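S.K.:
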Amino acid sequence: MSVMKKLVVGNWKMHGSRAFNAELIQGLLVADLATTAPNADVAVCPPCVFLADVADALQGSAIAVGTQDISAQTQGAYTGEVAGPMIREFGATYAIVGHSERRSYHAESDQLVADKAKAALSHGLVPIVCVGETLAEREANQTEAVVGRQLQAVIDTLGDDIARVVVAYEPVWAIGTGKTASPAQAQAVHASLRAQLAKATPKAADIPLLYGGSVKPDNAVELFSQPDINGGLIGGAALKAADFAAIARAA
Ligand code: PEP
24 MSVMKKLVVG NWKMHGSRAF NAELIQGLLV ADLATTAPNA DVAVCPPCVF LADVADALQG
84 SAIAVGTQDI SAQTQGAYTG EVAGPMIREF GATYAIVGHS ERRSYHAESD QLVADKAKAA
144 LSHGLVPIVC VGETLAEREA NQTEAVVGRQ LQAVIDTLGD DIARVVVAYE PVWAIGTGKT
204 ASPAQAQAVH ASLRAQLAKA TPKAADIPLL YGGSVKPDNA VELFSQPDIN GGLIGGAALK
264 AADFAAIARA A
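Here the working numbering is used: the first residue of the sequence shown is 24, the next is one more, and so on.
Below, the structure is given as structure tokens:
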């Protein structure tokens, strides 16, 4: 079992405004997570347009910032895309790639997600690679096959650099639904992801595996105490400072 620090990342999705963000950040700063959640590395991923504001507001705090997506390209005629060097310029540390909402609403393929992970690494950002099955896939006993396929594309594309990513297991049926995978269900998938990573790198034990899907203050402790769960990717609860701080403290 790994003894790494937990990683707790907030995905704000397409929420917020300058006023809302300022209040949320104020709440997080007052929570003093460096002192009250010493076992957690914490990051928030606002919509890209707020990255500069949020990075400025969090400067000097223990909370890192990231984006919810990244272009696989470095620059050029890619209307609407945001490239790694731009993200990096605002002091971001992380880039989420392959969130299920992007896979389903933007038709992102396993290979595109892998290319985005590669782009993130090449620009000094840590990719948080999301994988997860739909309810239909779980009911058809396809969970391990689906997440295994999604992860394998990233392993094949990154080679040895797979050791530098974060992986987030987010069952699609648990995202924003209030349904959480049981700690045992989540642990079983995390163990299979860890075993797959171990075939690709001797450093698999050091790769943070986050669970995401309706994590709340009242279920975080049990989820985070599973041997292969190294933290969480938090959606809805990341929009409430008290809840997000409580989840960080659960680590
Ligand atoms: C997410 O979208 O990454 C997520 C886990 O959302 P929620 O916590 O709201 O289920």
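Each residue gets a CB set at the ideal place from its N, CA and C atoms; glycine is no exception.
A quick note: this is a predicted structure, and the numbers were derived from the prediction, not measured.
(1) State the DSSP-derived secondary structure class of residue 194, mapped to helix, strand or coil.
(2) Can you check whether the CB of residue 149 is closer than 8 Å to the CB of residue 177?
(3) For residue 44, which of helix, strand or coil comes out of DSSP?
(4) Could you check where the alpha helix (DSSP H) with residue 110 kicks off and where it finishes?
(5) Which ranges does the alpha helix (DSSP H) cover as unbroken runs of at least 4 residues, wholly within the region 82 to 144, from first to last along the chain?
(6) Examine the ligand FMN and report whether any of its heavy atoms sits within less than 7 Å of the Cβ of residue 238.
(7) Pick out whichever of 234, 273 and 144 has its Cα sitting closest to the Cα of residue 317.
(8) Give the secondary structure of residue 34 by DSSP, where H, G and I count as helix, E and B as strand, and everything else as coil.
(9) Just reading off the alpha helix (DSSP H) that residue 169 is part of, what are its end residues?
(10) Rounded to whole angstroms, what's the CA-CA distance from residue 230 to residue 51? Just pull it up for me.
(11) Would you call the region 198 to 209 and the region 235 to 242 in contact, with 3 or more CB pairs under 8 Å?
(12) For the region 107 to 117 against the region 77 to 89, are there 3 or more C-beta pairs whose distance is under 8 Å?
(13) State the Cα-Cα distance for the pair residue 156 and residue 214, rounded to the nearest angstrom.
(14) Whole-angstrom Cβ separation of residue 220 and residue 185, contact assumed at under 8 Å?
M.R.: Result, derived from the coordinates:
(1) In this structure, residue 194 counts as coil in the three-state DSSP scheme.
(2) No, the pair does not count as a contact, with Cβ atoms beyond the cut-off.
(3) The three-state secondary structure of residue 44, taken from DSSP, is helix.
(4) 107 to 112 is the span of the alpha helix (DSSP H), which, as asked, contains residue 110.
(5) Counting only runs of at least 4 residues, the region 82 to 144 fully encloses the following alpha helix (DSSP H) elements, listed from N- to C-terminal order: 107 to 112 and 123 to 128.
(6) Among the ligands in the structure shown, the ligand FMN does not appear; only the ligand PEP can be found there.
(7) Outside the shown range of the chain (24 to 274) lies residue 317, about which nothing can therefore be said.
(8) The answer is strand: DSSP assigns residue 34 an E or B state.
(9) Element bounds for residue 169: 166 to 181.
(10) Going by the C-alpha atoms only, they are around 26 Å apart.
(11) Output reads yes: the region 235 to 242 touches the region 198 to 209.
(12) Yes: the two stretches touch, three or more of their Cβ pairs being nearer than 8 Å.
(13) C-alpha separation (whole angstroms): 15 Å.
(14) Yes, residue 220 and residue 185 are in contact; Cβ-Cβ is about 7 Å, under 8 Å.
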